[in-house]
Every structure is written in C-alpha cells, then in structure tokens.
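Peer 1: Okay, handing you the structure first.
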Amino acid sequence: MKVLYVILVSYASAGLAQAALMYAYRSKAAQKYMISDDAHRSKTDRELYWRVALNITVSVTLIFSVMFGLGEYLYYDHAAPAWRYALEAVTVVLIYDFGYYFMHRYPFHEWKLLRGVHSVHHAARNPRQIDSLLLHPIETVLGLGLFFGSVALVGGVHIYTLGALFTAYTALNILNHAGIDVPHFPFKTLGVLAAKHDRHHHSMLSGNYASITPLPDIIFGTVE
C-alpha cells in the first residue's frame, strides 16, 4: 500500500506544479518574468494534446507496472540509519543525472541516433509546463527506465526515499519547462533551471544537456 501512496503523492505534486504554473501564465503579475511571450511550438494544439495523452498513458502504465512488479529491486521498508537514506538519495541523483546527460547529449543530439524521437520534445522553442509531457513514447520509456535503473543500481532505497526522489523527479521535470525566470528567493534557483532549459530548446545543437544539476554540463563544458 505504501508504494501506492508514493505514486499518488508524486502525481499530486506534479498536479500542483502544473496548476500553479497555469495560474502564473494567466497572472498579470507574472508576465514580466516570462522568458518568452509564446511557446513558439511547431505542433498544433490537437497534436500537442494527443502526444500528451499518449505520454501520460505510457508513463502511468510503466510506473505502476515497475513499482508493483519489480518493487523488490527498487525499495525496502525496514529501518536504517539516516545517513544511509541520504547517501542512497545522493547516489541515485548522481547516477541519474550523469546517465541522462550522456543519453541526452549523444543518442538524442550529437549521434542523431534518436534525434527523430527527441525532436518531438523540441517542437516547443520556448517550452511551457505542458511541454514536459510532449514526448515520444520511446523517450518516455528511456527516461523512466533510466530513473528506475538508477535506483536499482544502488540496490534499492527506502520506500520513503523513493517517494522523495520520484516526487522531485516529476516536479523538476515540469519546473524545468516552466518558461518563467523569477530572480528572487525562493524561486531563483528554479528560474535559473528554467532559463537554462529554455536555451537548450532553441536548437537541436544547443548545450545544457543535464536534467537535475548543472554538474555534468560544467564538467564536460556544455553550459550555455
């Protein structure tokens, strides 16, 4: 039952992030913080919503299947020292972030192996929150597979650590596509992430490939 709560909490956080950003887009006070006045999206609204619906269907199916079917490889529910929870979380974040960096930079961009797949996501030159869901099903499966694989690689994490990681994973994916850069506390860091990812969307040749932290881009010289 706890794993169901983990999924529901992560979806609730994603829903709140989506709702907050939709409200901000309609707020006059937030307009001065918009990175662009338009998403400059090459997809029609019909194509956009079809892709979003398909992505949600694929992701929900995969998440429930993996969480319930492969739970023994992903989480445990016994007590452990607090330092272990923290170490597991940091390790998963680093594995995922560097793994995503290489997947994003090479197969999706430089090698052109999956550029056609990733180009679906790049249909928005200046993304909005809904564009976090504008993905080809293959990219959805690869992204979630990398997340769950990162968790399994450390031998699984505590169920509540998994909840925190998955909630952060879903929320940050939305906030990276917010299209809003508020240069004031407590939103400054999120604004920097959104602006960085907005620059990435300008071209299939842009840098800023990392997802969670700027560390991989800094190390490999692809910050823009």
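Under numbering that gives the first Met the number 0, the first residue of the sequence shown carries the number 0, and numbering increases by one thereafter. Each residue gets a CB set at the ideal place from its N, CA and C atoms; glycine is no exception.
Could you check where the alpha helix (DSSP H) with K42 kicks off and where it finishes?
Peer 2: First-last for K42: undefined, no H or E at that position.
Peer 1: Where does H117 sit, in a helix, a strand or coil, going by DSSP?
Peer 2: H117 falls in the helix class under three-state DSSP.
Peer 1: Is the Cβ-Cβ distance between L164 and V91 less than 7 Å?
Peer 2: Yes, they are a contact pair.
Peer 1: Taking contact to mean 3 or more Cβ pairs, one atom from each stretch, closer than 8 Å, check whether the stretch 152-170 and the stretch 1-9 are in contact.
Peer 2: Yes, since at least three Cβ pairs between the stretch 152-170 and the stretch 1-9 fall closer than 8 Å, the two stretches touch.
Peer 1: Give me, in chain order, the residues of the same chain whose beta-carbon lies closer than 7 Å to that of A244; leave out the 5 immediate sequence neighbours on both sides.
Peer 2: Residue 244 falls outside the range modelled here, since the chain spans only 0 to 223, and no answer is possible.
Peer 1: For the 8 Å Cβ check, are there 3 or more pairs between the stretch 99-109 and the stretch 138-148?
Peer 2: The stretch 99-109 vs the stretch 138-148: in contact.
Peer 1: Do S131 and H176 have their C-beta atoms closer together than 7 Å?
Peer 2: Closer than 7 Å, so yes.
Peer 1: Does the separation of the CB atoms of P126 and G190 fall below 7 Å?
Peer 2: Taking 7 Å as the Cβ cut-off, P126 and G190 do not qualify as a contacting pair.
Peer 1: Expressed to the nearest angstrom, what Euclidean distance is found between the alpha-carbon atoms of Y95 and A28?
Peer 2: So the alpha carbons of these two residues sit roughly 36 Å apart.
Peer 1: Suppose you measure from the CA of A122 to the CA of R40; what does that come to, to the nearest Å?
Peer 2: Rounded to whole angstroms, A122 to R40 spans 5 Å at the Cα level.
Peer 1: For V51 and L113, which I take to be in contact (beta-carbon distance under 8 Å), what is that distance rounded to the nearest angstrom?
Peer 2: Contact doesn't hold; Cβ gap of about 20 Å is too wide.
Peer 1: Does the distance from the C-beta atom of V5 to that of G162 stay below 7 Å?
Peer 2: Cβ distance < 7 Å, so V5 and G162 count as in contact.
Peer 1: Just checking: is the beta-carbon of Y100 within a distance shorter than 7 Å of some beta-carbon in chain B?
Peer 2: Absence of chain B from the displayed structure is noted, only one protein chain being present.
Peer 1: Look at I173 and A18 and say whether their C-beta atoms are less than 7 Å apart.
Peer 2: Going by C-beta atoms, I173 is not nearer than 7 Å to A18.
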